[in-house]
Structures are given as C-alpha cells and as structure tokens.
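Asker: Right, I'll just put the structure down here and ask away after.
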Amino acid sequence: MMASLTGKVAIVGAADTEVGFVPHLSATQLCIDAALRALEDAGISKDEVDGLITCNSMAEPILYHAEAIAEYLQIFPKYCMSVGTGGGTTFSALHHAASAIATGICDTVLITMADSLRSGLTKEQTMAMQASTGHREFELPYGPTVPAYYALIAKAHMEQYGTTPEQLARVSVTARKHAHLNQNAQMRDLITVEDVIQSRFIAEPLHLLDCSLISDGGAAVILTSAERAVHFPHHPVYILGVGEGHGHEHISQARSLTTSAAVESGQRAYKMAGLRPKDIDFAELYDCFTPTVLIELEDLGFCEKGEAGAFVESGEIELGGSLPVNTHGGLLAHCHPGNPGSMFALTEAVTQLRHQAGIRQVPRAEVALVHGQGGIMSSHTTLILGREVG
Amino acid sequence: MQGKITPKPTVETAPYWEACRNHELLIQQCSTCHHFQFYPRLMCTKCTNRKMQWKRATGHGTVKSFTIVHRAISKVYQMEAPYVVALIQLEEGPTMMSNIIKCNLQAVEIGMKVKVEFETWSESMTVPQFTPV
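See below:
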C-alpha cells in the first residue's frame, strides 16, 4: 500500500510575474522574477531552497534549464530538474516535489516556470512549435493545428451529447467575467456568447474566442513539509490529494475523444484526499480551449457525462454559482504563456485558499480542485488543496 | 505539394509508404493474436509480440470526428484552407488521421462513410487521403 501524501506537504509561497505582453523581460528573467517573488511571499532566503524544478522555455531554450536557473540564483539544490511535459502536466512536477518532501529528500522546493510566447517568438513560430506535438508521419502532413486537435474533440462531444456552440462560448464568457475582476489579467473586457459565436472560425467548431491567449509570463510556488509550513507568514495551503492519468500522446490514438484520463487522475486524487466532488468549493480547470473545460467538469465528477454544457449554461461555474471555475480568468482570459500556463491556476487557488482574492474571493473557500492537462487531452494531473489538513 | 510537412519513412514505416506509392493501404496485424493496429510499430500493442504482418486494408472507413481548418499552420497549408482534418476509423478497427477531399466541406459529418484515395506529393511520396463513398 502506497503511503499517502495527504496533509504532509504545503504550499507556503506563491506568486505571478506581470503577464500578457512583457517585452522588457526575457523568458529567463521572468522565471527568475517569479522565483524571487515567491521567495519574498514565503519570507525565506534563496539559500533555504534545496529542491528546484523549472520548465524549459520555447522563446529562450536552455539545454540544462533548471541547472542554469540554479546557477543564476547561486543555489545548490539536492534535487534539480527541468520538466517538459506540456501545458498542463506541470502539476506532475508538483507531484514529484511533494513526494520528495514527504520522503525527506528535501525540505523546501521551488517550482518556477515562465515563457515569452508573445514577445519572444513570432505567431508563426509559436503555432508551428505547438502543432509539432502531432505525429510527424501520421498526423502533421495533414495540416492539423493545435486548435484543430481540440476541435476534433469538441465536434465529437457535440455529436455525442448535443453540446452546442453557445454552451462552449459560455465557458469563455465566464472566464472574461472573472478576468474582469482581476487587474492582472491580460484580457479584461467583458464579452457575450454572441461575440464568441461571431468571432472568426479558427478550426470549426472553434472560434477565435474559444481559444486561449498567447502570452508572456511566469509563476512560482514554494513547497515544504506540513510541520514546517506553520512557521511561514501566510496560511499554509495543504496538498490533500494528487492523482495522474495518462491516456495517449497523439489524438488519433485516443481511447475516447469525449472521455479523458481526467477520470483516472480525479479518482486517484479524490481517493487520496478522502473527498468527493461535492466537497470541492471551487475549481481551477485547464482551459486551453472551451471544450476541455466541459470534458473536465464531467470527467472530474462535477456533472454527469454529457451534462457539462447545460451545467455551464446555467451559470454554475460563475462566481456565486455552485462551483466557481477559473476565478482568475484562466488561460482563456488571464494569460497563457505555454508550458507555465497551469501554474497560474495553482497560484490562484493558493490566493483563494488564503482568502486573499479580494473582489473575486470565493466566500469561505476551504477546498480547491486544480486540474492540469497536457498534450491533446493526453496527460492529466488533479490536485486537491485545502486550508486545513483533513 | 512543396512546403508541406512530408513524411520521412523509418525502418518501421517504409513498407507502408512504399505501398502507398502503389496505391495500396497497408496496416499491421499481429501474427499471434491477430490484432490490427495503426500507426505501424515494432510490436503488437495488445500482446507485445514482435511478429507483425502487413495486411492490405479495404480502404473503407467511417468519420469519427472532423474539423474544418480555417487558420492553417503555414502559408502552404493556408493556400488550401479551409480544409478538413478528420479521424477515420478503418473497417479493420484502427483509427487514422487524414484529410477528406473532393467534396463539399459543409457536407462532411460524423458517421459518414469514406474510402481511401492516394495523392502524389512527390516522386517518392504518395499520401493516403479520404473521400466520401
């Protein structure tokens, strides 16, 4: 029987850099900026960090990225690695970090990630880089783009469950509504369902406003053991459950287009936490495109299969609804600098659980679910976080 | 088709692309458990046996899902936009990605029956495409 991580590890520092269009800082500088801000938030010196995880940058790739960041900071960790597991699976790195702390390999892990997709690369370079996730011989020749991969999923969900373009659009409308309350968000203007439907098609059935942003930015968190966490300046945010599920890499090889390995990652996280979907106060779900949110809501047990469209349409995922989702605006409206994208969901969950989210605060938030997804609905990691242990 | 992303055959896939040049769609079948698979691999994904055989597929399949791409990845692909990228379930079972060509894009639907057709991209490369039956 595997030892449980529940309540053994806490997040004691969390911070975002400036996001959106940040041309005056390179990807490496953003990564350092995020780290420094998180250290300041945790009230510790860099020399207390004995574990470091980063992700490589597309705009400024470095062969040994984590080592380069350690060298820049002049720290000498016991545990140091750069992960390249795609947009959402940065939380798999957090899973490793938490395991390293729980087993005593290190005391204090810094996870810092940033990239400059907006100012460091051309739109064409970013598109080509992202789309290269397709199979070189059996997918890419046919001209799919990243939105096209997700459009295949959206179309299948619409066919199977009667999900409508308006229901997909509502995910984006909600994200903007939340971003409107977040002064750090890249896109704060309110939009309507009509605006989404009338925006141009990128890959049918997905419109421009069904797609997430292209941004610069970074975020960092600091983890330590639950025993040590109580001595830090902010209320600790405990890891109650974590689970992963990995289904495929290439979308043509998916076991199902409409049900993802989030079912498995969710079940594993709930089991570790001893909690159920009804115990979750708010969720930060990976929203690179609008259909991913619907599938995650279903696969993580917040509604029955095929019912997420109606759930979203009824306003349940808005602040004030039964399950506020992406309270900062998510990848659709807050920012999306590529691989570090899901980190902002994590820092937002920490802010909410510390009850420091100001006008977008979820009242009495005690338990959050954060879900990362990488590839084309390929790799899933679910975290359940809480203000209290158990 | 200059400028398109052209497949580069490997030891595992060369027989597949060679057959395409002869307008034949080959897929792998395990000689032990008879499982059909696509894309070609060194081993059977069901029983891990390495003895895979090449079988001629009927070339008939069904559209599992599709999208109409408006914003393409490069100028060359953009010249053909809007175009259909589809997942096609072959009669033998496995799923492959392809384009659906020579049809009204708005008429494409999930569940539609399609059959393979071969498009010559260069002297050495012929690519399977699909068209409505």
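Order-wise, the sequence lines are chains A and B.
Numbered per this note's numbering, the first sequence spans residues 239 to 628.
Numbered per this note's numbering, the second sequence spans residues 41 to 173.
Glycine included, every Cβ here is placed at the ideal spot set by N, Cα and C.
Got a sec: is the Cβ-Cβ distance from A/K393 to anything in chain B below 8 Å?
Answerer: Sequence index remark: in the first sequence, residue 393 of chain A carries index 155 (1-based). Yes, A/K393 counts as interfacial toward chain B.
Asker: Counting only beta-carbon separations shorter than 8 Å, does A/F439 have a partner in chain B?
Answerer: Along the first sequence, one-based indexing puts residue 439 of chain A at 201. Taking Cβ atoms only, chain B reaches closer than 8 Å to A/F439, which makes this a yes.
Asker: Determine, for A/A413, whether the minimum Cβ-Cβ distance to residues of chain B falls below 8 Å.
Answerer: For the purposes of this step, residue 413 of chain A is taken as the residue at position 175 of the first sequence. No - not a single Cβ of chain B is within 8 Å of the one on A/A413.
Asker: If you draw a straight line from the alpha carbon of B/V125 to that of B/P168, how long is it in whole angstroms?
Answerer: Locating residue 125 of chain B in the second sequence gives position 85, counting from the first residue. Locating residue 168 of chain B in the second sequence gives position 128, counting from the first residue. If you take the alpha carbons of B/V125 and B/P168, they lie about 13 Å apart.
Asker: Got a sec: which bits of the stretch 341-370 of chain A sit with their beta carbon under 8 Å from any beta carbon on chain D, in order along the chain?
Answerer: This model lacks chain D altogether, as its protein chains are A and B.
Asker: Please identify the residue among A/T565, A/H373, A/P578 whose C-alpha is closest to the C-alpha of A/A603.
Answerer: Translated into positions along the first sequence, residue 603 of chain A becomes position 365. The shortest Cα separation from A/A603 among A/T565, A/H373, A/P578 belongs to A/T565.
Asker: Look up A/M420 in the DSSP assignment and give the residues it is bridged to.
Answerer: Counting from one through the first sequence, the residue named residue 420 of chain A turns up at place 182. The displayed chain sequence assigns Asn, not Met, to residue 420 of chain A. A/N420 pairs with nothing; no bridge assigned.
Asker: Run through chain A and tell me which residues come within less than 7 Å of B/K44, C-beta to C-beta.
Answerer: Against the second sequence, residue 44 of chain B aligns to sequence position 4. Simply P379.
Asker: Where in the stretch 273-317 of chain A do unbroken runs of the alpha helix (DSSP H), each at least 4 residues long, occur, reported from the N-terminal end onward?
Answerer: Qualifying alpha helix (DSSP H) stretches, in chain order: 303-311.
Asker: In this structure, how does DSSP classify B/C84 when only helix, strand and coil are distinguished?
Answerer: One-based indexing of the second sequence puts residue 84 of chain B at position 44. Of the three classes helix, strand and coil, the one that applies to B/C84 here is coil, per DSSP.
Asker: Would you kindly check if the distance between the Cβ of A/R506 and the Cβ of A/E482 is under 8 Å?
Answerer: Counted from its first residue, the first sequence places residue 482 of chain A at position 244. Counted from its first residue, the first sequence places residue 506 of chain A at position 268. Contact flag set, yes.
Asker: Give the interface partners of A/F376 over in chain B, defined as CB-CB distance under 7 Å, in chain order.
Answerer: Locating residue 376 of chain A in the first sequence gives position 138, counting from the first residue. Simply Y79, M136, M137.
Asker: Between the stretch 445-462 of chain A and chain B, which residues of the former have CB atoms less than 9 Å from a CB of the latter, in chain order?
Answerer: From the stretch 445-462 of chain A, only L446 have a Cβ closer than 9 Å to chain B.
Asker: Thinking C-alpha only, which one of A/R625, A/T412, A/A280 is nearest A/P471?
Answerer: Taking the first residue of the first sequence as position 1, residue 471 of chain A is located at position 233. Nearest C-alpha to A/P471: A/A280.
Asker: Using Cβ-Cβ distances below 8 Å, what residues of the stretch 398-409 of chain A are close to chain B?
Answerer: Under the 8 Å Cβ criterion, the stretch 398-409 of chain A contributes no residue.
Asker: Thinking A/I477 and A/A248 are a contact (beta carbons under 8 Å), I'd like their distance in whole angstroms, please.
Answerer: Translated into the one-based positions of the first sequence, residue 477 of chain A becomes position 239. Translated into the one-based positions of the first sequence, residue 248 of chain A becomes position 10. With a Cβ gap of about 7 Å, A/I477 and A/A248 count as contacting.
Asker: Which residues, in order along the stretch 154-167 of chain B, keep a beta-carbon less than 7 Å from a beta-carbon of chain A?
Answerer: Flagged, chain order: V167.
Asker: When you compare only the Cα positions, how much space is there between A/Q363 and B/C73?
Answerer: Taking the first sequence and counting its residues from 1, one reaches residue 363 of chain A at position 125. Taking the second sequence and counting its residues from 1, one reaches residue 73 of chain B at position 33. Distance between the alpha carbons of A/Q363 and B/C73 is about 44 Å.
Asker: Taking a Cβ distance cut-off of 8 Å, strictly less, list which residues of the stretch 85-108 of chain B are near chain A, in chain order.
Answerer: Flagged, chain order: K104, S105, F106, T107, I108.
Asker: Counting only runs that start and end within the stretch 119-159 of chain B, where is the beta strand (DSSP E) found for 3 or more residues in a row?
Answerer: For the stretch 119-159 of chain B, whole beta strand (DSSP E) runs of length 3 or above, ordered along the chain, are 123-130, 135-140.
Asker: With a Cβ-Cβ cutoff of 8 Å, do A/H486 and A/R493 count as a contact?
Answerer: As a position in the first sequence, residue 486 of chain A is number 248, starting the count at 1. As a position in the first sequence, residue 493 of chain A is number 255, starting the count at 1. Contact flag set, yes.
Asker: Ordered along the chain, which non-local residues of its own chain (more than five positions away) have a Cβ less than 6 Å from that of B/H100?
Answerer: Residue numbering aside, residue 100 of chain B sits at position 60 when the second sequence is read from its first letter. Correct list, in chain order: E131, K155.
Asker: Among A/A458, A/H609, A/E442, A/I339, whose alpha-carbon lies nearest the alpha-carbon of A/P515?
Answerer: Here residue 515 of chain A corresponds to residue number 277 of the first sequence, with the count starting at 1. Per the Cα distances, A/H609.
Asker: For A/E582, which three-state DSSP category applies?
Answerer: Residue numbering aside, residue 582 of chain A sits at position 344 when the first sequence is read from its first letter. Looking at the sequence shown, residue 582 of chain A is not Glu but Phe. Helix at A/F582.
Asker: Could you work out which residue in A/E404, A/G251, A/I597, A/E397 is closest to A/E286 when comparing CA atoms only?
Answerer: Here residue 286 of chain A is taken as the residue at index 48 of the first sequence, counted from 1. Considering only alpha carbons, the answer is A/G251.
Asker: With 8 Å as the threshold, decide whether the Cβ of A/L570 is near any Cβ in chain B.
Answerer: Counting from 1 along the first sequence, the entry for residue 570 of chain A is found at position 332. It does not: the Cβ of A/L570 has no partner Cβ on chain B nearer than 8 Å.
Asker: For the candidate residues A/E298, A/F376, A/A587, A/V563, whose alpha-carbon lies nearest to that of B/Y56?
Answerer: If you number the second sequence from 1, residue 56 of chain B lands on position 16. Answer by Cα proximity: A/F376.
Asker: In three-state terms, what does DSSP make of A/I460?
Answerer: Residue 460 of chain A sits at position 222 when you count from the first residue of the first sequence. It is a strand residue.
Asker: Rounded C-beta distance between A/V475 and A/V588? I'm assuming under 8 Å.
Answerer: The residue given as residue 475 of chain A occupies position 237 in the first sequence. The residue given as residue 588 of chain A occupies position 350 in the first sequence. A/V475 to A/V588, Cβ: 5 Å. Contact.
Asker: Need the endpoints of the alpha helix (DSSP H) that A/M425 sits in, please.
Answerer: For this step, residue 425 of chain A is matched to residue 187 along the first sequence. Premise fails: A/M425 is in no alpha helix (DSSP H) and is neither H nor E.
Asker: Along chain A, which residues have their Cβ under 8 Å away from the Cβ of B/H110?
Answerer: Within the second sequence, residue 110 of chain B is the residue found at index 70, counting from 1. The answer, in chain order, is R438, F439, I440, A441, E442.
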